[in-house]
Amino acid sequence: MTGAGEDWLRDGLDDVRGVEPGLWVPGVDYLAGWRVARESADRVNRALLAAGFELSESRAIAATDEEGRGVVRLVAWPDAVDRLAGILEAVADGDGGSP
12 MTGAGEDWLR DGLDDVRGVE PGLWVPGVDY LAGWRVARES ADRVNRALLA
62 AGFELSESRA IAATDEEGRG VVRLVAWPDA VDRLAGILEA VADGDGGSP
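Going from the sequence shown to the numbering used here is simple: count from 1 and add 11.
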């Protein structure tokens with residue numbers, strides 16, 4: 012999955028200062044959970060691109076929790092979140108997603 016330009020991985024959306032990583036527990040299959048989360052994150056990222064978003068402004072990121080379950084996090088700049096919320100609200104209101 013790519014975004015606009017070569018620097019989409021270094022655009023600041025992955026800055027998680029103050030977030031402590033969890034401990035890895037021996038015997039927990041973190042990779043299986045991450046693979047499931049990655050498939051879902053890729054689907055969300057394709058949908059974001061199709062809706063006109065750039066991955067440099069919003070994207071889904073695959074991860075796992077401390078028990079190895081897949082987790083998908085949406086990281087975005089506030090203006091992109093506002094646009095996405097407008098699209099979701101329009102869909103929920105039944106007008107077909109017109110922002």
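All residues carry an ideal CB built from backbone N, CA and C; glycine is no exception. Remember, it's a predicted structure, so these values are computed and weren't measured experimentally.
Quick one: what does DSSP say residue i is sitting in, helix, strand or coil?
i: VAL83; result: strand
i: ALA62; result: coil
i: SER69; result: strand
Is the beta carbon of residue i sitting closer than 8 Å to the one on residue j?
i: ALA61; j: ILE98; result: no
i: VAL83; j: ALA96; result: no
i: SER67; j: ALA87; result: no
Beta-carbon within less than 6 Å of residue i's beta-carbon, same chain only, minus the 5 sequence neighbours each way: which residues are those?
i: ALA71; result: ALA52, VAL55, ASN56, VAL83, LEU85
i: ARG80; result: GLY44
i: VAL39; result: GLY79
i: GLY105; result: none
i: ARG94; result: none
Can you list, in chain order, the residues of its chain whose CB lies under 7 Å from that of residue i, leaving out five sequence neighbours each side?
i: THR75; result: TYR41, GLY44, TRP45, ALA48, GLY81, VAL82
Can you tell me whether residue i is buried or exposed? The criterion is at least 16 other CB atoms within 10 Å of its CB, across all chains shown.
i: ALA58; result: exposed
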